[in-house]
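Participant: I'd like to ask you about the structure that follows.
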Amino acid sequence: MRVGIEVGGTFTDLVAVDGDRIEVVKVPSTPGNPEVGAFGALGSAGIDPASVTDLVHGSTVATNAILERKGARVAFVTTVGFRDILFFQRHDRRNIYDLRYKKPVPPLRRKDCFEVTERVDAHGNVVVPLDEAQVAGQLVPQILAGGYEAVAVCLLSSYAAPAHEARLKELLNKHLPHVKVACSHEVAREFREYERSTTTVLSAYVQPVIDNYLARFEATLSKAGFSGGFSVMQSNGGRLPSIAMRRNSITALFSGPAAGVVGAVGQGARSQRRNLITFDMGGTSTDVCLIIDGMPSVTPETEVDGMPIRTPVLDIVTVGAGGGSLVWIDDGGMLRVGPRSAGASPGPACYGRGGELPTVTDAHVVRGTIRADAFLGGTMPLDVDKAHKAFGEVASKLGMTVQETAAAAIRLAVANIVRAVQLVSTERGRDPRDYALLPFGGAGPLLAAEIAEELGCREIIVPPNPGVISAFGLLAADYVKVSGATHRMPLSDEAPGMLRREFVRFRDNAERDFRQMGLDGDFVYELTVDMRFVGQAFEIPVEVDPERLSGLRAGDLAQEFADAHRRIYFHGGEPGRKVEIVSLRFGVRRRLDKLPDFRERPSAVESSGSVDIWLKDGAVSANLISADSLKPDMAVNGPAMVEGYSSTLWVAPGWRSERDQSGNLIMQKV
């Protein structure tokens, strides 16, 4: 049996595959103790951990530790003269018109920053040797006196020559064996000192948290008789064994959203759709990703709480528009949705757990697109009266009825998501009309038709059990490891030879690391070269097929860079302008066996008859249909509601939905 468990902000989802049998479960999350919700899902599904051979996990533990400032007590160690780099940051202002703007606050104080005497130049030459006596006589006692749980080591130019960092780590491990040490050359071996420093600090900040969390998880599994493989999802769309994740926890920041994209891409491919716009609308946010020819884009940097992190992540844009997003009126009297959320506790007012403020989920209950007695297949009844009451005050201030206010709130949520889609498509030279929309998450299919109409998309792919696609994506994910390194050089005839040498070195190291993790089999390799015109501040990623390396020429690289530059900036640069290589990123992937087809979980609630749905122009009567009753080639014309266990699909007027042989519902504009 293979099991995927994804811990979200509101619900914890489980998908189990045992031969041809598939089990799907959603239970409320427990934010204070995420593992409680995870094991609650196993119990709700009636699964004995001893029977599980492969368990894959994704959670928001690392992200929450940063956002809530609940990470470890960290000391920052850098080259003498650079102690304040975390506070100087960059000379930019994210909100240029905000007179009270403040730079992001790092998760440590200035007195937690220490210096060591050493110096390496940008070419990797040692200018000043590491003063080991200073390390033993001054630094070690300072860290010991400060009671630090982790140390982040980021020495100047260590991306070019990491020997000083490696030696400093040896000394710290010798004198302070109880303290975890994160080095920048192991976490982010790339130039730009501030970004490398924040990445290393945040990695050290969350490492003890993730390490302790996974240790508790593994201990509980062991007590229950589990002896299978336990792996954790990464932000780059691949998974790794938990032991590897405990050494580099920063890669697990966005494991949940990444798993959702992987599951969505797999389901889209089963319907021969490879150009997709996925959007995952859960309880607290919506995550949007563009898929080109079956591959999601990967970006080398992301941000959490305003701080840059240099680690490969799927190129996902997140907006605060989830089912739990609060509906409110701003100081100007305008209706707003999000980014604040009711979360898992107390949750939307209709949950009956103490929430009193209106949310998007309450708006759906008022509008009629969520039926109170059909939520989660009837296992979690909702309170309609409390949903109406929550909207009462907002509706009164706007001079609208409760139904009109709920419909307006949903239109605002649609607008927020449309803007997120434009960020990953239109603003990057891609026309959303050329892509199929693939919604998932508990609330995604409810808004898919309205979002598609705003974008001009004429096709929507709705997978089976859309509310648990992230958990399914955990099982569909390959084992992946990505490494990056700065390697600056002009784009000349020597460049292809350098790429070939670096690729061979990476391939040998990657195969060794995977086999040490117990992962054998056939490996697939990926290579991305970050390039730019000389004088540009930032680079553009150019994908290079490793199989073409043997015959690759400098002119081929120049042409691929010009094509990539043209897609983003609509021009390929001035003729003859010099180009340089900045960084290299290598990926190794071990693919998994094909999963069985995903099928709808039967709901205990009968969906038949009709229901009134409130739209902006008034109420319409919609047919009620059970998702598991729709067999291949059966069609549904809107307006209709297709109710499943984990989510409901709203087939809006003017749309037609039909299940294909893969199990997906294909919805098209009539």
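The numbering used here applies: residue 173 is where the sequence shown begins, and numbers increase by one.
Even glycine gets a Cβ: it sits at the ideal position worked out from N, Cα and C.
Inspect the CB distances between the region 624-634 and the region 174-185 and report whether three or more fall short of 8 Å.
Facilitator: Result no; under three Cβ-Cβ pairs closer than 8 Å.
Participant: Is the CB-CB distance between Ala844 and Lys352 below 8 Å?
Facilitator: Summary: the structure shown does not reach residue 844, with the chain confined to residues 173 through 842, and so no result is reported for it.
Participant: Could you give the distance in angstroms between the alpha-carbon of Ile797 and the alpha-carbon of Gly400?
Facilitator: If I take the Cα positions, the gap works out to 40 Å.
Participant: Considering just the uninterrupted stretch of the alpha helix (DSSP H) at Gln406, what are its terminal residues?
Facilitator: Careful: Gln406 lies outside any alpha helix (DSSP H) and carries neither H nor E.
Participant: For Leu425, I'd like the list of residues in its chain whose CB is within less than 6 Å of its CB, leaving aside the five on either flank, ordered along the chain.
Facilitator: Closer than 6 Å at Cβ, skipping near neighbours: Ala234, Thr235 and Ser407.
Participant: Are Ile481 and Ile422 closer than 8 Å when you measure CB to CB?
Facilitator: A contact, by the Cβ cut-off of 8 Å.
Participant: Thinking C-alpha only, which one of Ser216, Tyr377, Arg265 and Gly616 is nearest Leu239?
Facilitator: It is Tyr377.
Participant: Give every residue of the same chain whose Cβ lies closer than 6 Å to the Cβ of Val208, excluding the five residues on either side of it in the sequence, and list them in chain order.
Facilitator: Contacts found: Thr202.
Participant: Would you kindly report the start and end of the unbroken beta strand (DSSP E) that includes His659?
Facilitator: Start and end: Tyr651 to Pro662.
Participant: Nearest-angstrom Cα distance between Lys569 and Asp603?
Facilitator: If I take the Cα positions, the gap works out to 39 Å.
Participant: Using 8 Å as the limit for Cβ to Cβ distance, is Leu671 near chain C?
Facilitator: Reference to chain C is not applicable here, since this structure consists of a single protein chain.
Participant: Within the same chain, show all residues whose beta-carbon is closer than 6 Å to that of Glu715, passing over the 5 residues directly before and after it, in chain order.
Facilitator: Closer than 6 Å at Cβ, skipping near neighbours: Thr700.
Participant: So, for Phe259: in the same chain, excluding its five sequence neighbours on each side, which residues have a beta-carbon less than 6 Å away from its beta-carbon?
Facilitator: Result list for Phe259: empty, nothing under 6 Å.
Participant: Ends of the beta strand (DSSP E) at Glu287?
Facilitator: Element bounds for Glu287: Cys285 to Val288.
Participant: Check whether the Cβ atoms of Tyr697 and Gly759 lie closer than 8 Å to each other.
Facilitator: Going by C-beta atoms, Tyr697 is nearer than 8 Å to Gly759.
Participant: With respect to the beta strand (DSSP E) encompassing Ile753, which residues constitute its N-terminal and C-terminal limits?
Facilitator: That run of the beta strand (DSSP E) goes Val751 to Arg762.
Participant: Let me check understanding here. Comparing Cα to Cα, which of Glu719, Gly454 and Gly571 lies closest to Gly510?
Facilitator: For Gly510, the nearest C-alpha among the options comes from Gly454.
Participant: Using DSSP's beta-bridge definition, name the partner residues of Ala521.
Facilitator: Ala521 is not bridged to any residue.
Participant: Rounding to the nearest angstrom, what Cα-Cα distance links Leu316 and Ala585 in this structure?
Facilitator: Leu316 and Ala585: Cα-Cα distance of roughly 50 Å.
Participant: Less than 8 Å between the CB atoms is what I'm expecting for Asp452 and Thr458, so what's the real figure, rounded?
Facilitator: The Cβ separation is near 7 Å, so the contact holds.
Participant: From Asp226 to Gly571, what does the alpha carbon distance come to, in whole angstroms?
Facilitator: Rounded to whole angstroms, Asp226 to Gly571 spans 55 Å at the Cα level.
Participant: Classify Ile268 as buried or exposed, calling it buried when 16 or more other Cβ atoms lie within 10 Å of its own Cβ.
Facilitator: Looking at its Cβ environment, which holds fewer than 16 other Cβ atoms inside 10 Å, Ile268 is exposed.
Participant: Of the residues Leu663, Leu554 and Arg761, which one's Cα is nearest the Cα of Asp692?
Facilitator: Residue Arg761 is the option with its Cα nearest to Asp692.
Participant: Please list the segments of the alpha helix (DSSP H) lying wholly inside the region 272-341, counting only runs of 4 or more residues, in order along the chain.
Facilitator: With a minimum length of 4 residues, the continuous alpha helix (DSSP H) runs that stay inside the region 272-341 are 312-318.
Participant: Just curious, the alpha helix (DSSP H) that Arg583 is in, first and last residue?
Facilitator: Element bounds for Arg583: Val574 to Val596.
Participant: Work out the CA separation of Thr251 and Glu337 for me, nearest whole Å.
Facilitator: In a straight line, the C-alpha of Glu337 is about 10 Å away from that of Thr251.
Participant: Helix, strand or coil: which one does DSSP assign to Ser497?
Facilitator: Of the three classes helix, strand and coil, the one that applies to Ser497 here is strand, per DSSP.
Participant: Skipping 5 residues on each side, what residues in its chain have a beta carbon closer than 6 Å to that of Pro774?
Facilitator: For Pro774, where only same-chain residues beyond five positions count, the Cβ hits under 6 Å are Asp800.
Participant: How would you write the range of the beta strand (DSSP E) that Ile712 sits in, first residue to last?
Facilitator: Residues Ile712 to Val716.
Participant: When you compare the CB positions of Phe398 and Pro221, do they come within less than 8 Å of one another, or not?
Facilitator: Yes.
Participant: In this structure, what does DSSP give as the bridge partners for Gly401?
Facilitator: DSSP lists Asp226 as partners of Gly401.
Participant: Suppose contacts are defined by Cβ-Cβ distances below 8 Å. Is Ser403 in contact with Leu393 by that definition?
Facilitator: Against a cut-off of 8 Å, the Cβ pair of Leu393 and Ser403 comes out as no contact.
Participant: Please name the residue, chosen from Ala567, Ser779, Val491 and Asp487, that lies closest to Met506 on a Cα-to-Cα basis.
Facilitator: Nearest option by C-alpha distance: Ala567.
Participant: Apart from the five residues on each side of it in sequence, which residues of its chain come closer than 6 Å, Cβ to Cβ, to Val706?
Facilitator: The residues are Lys750 and Glu752.
Participant: If we call anything under 8 Å between Cβ atoms a contact, is Leu767 one with Ala648?
Facilitator: Yes, these two residues count as a Cβ contact at 8 Å.
Participant: Please work out which residues of its chain come closer than 7 Å, Cβ to Cβ, to Gly409, disregarding the five sequence neighbours upstream and downstream, and give them in chain order.
Facilitator: The residues are Ala430, Val433, Val434, Pro468, Leu486, Ala649 and Val652.
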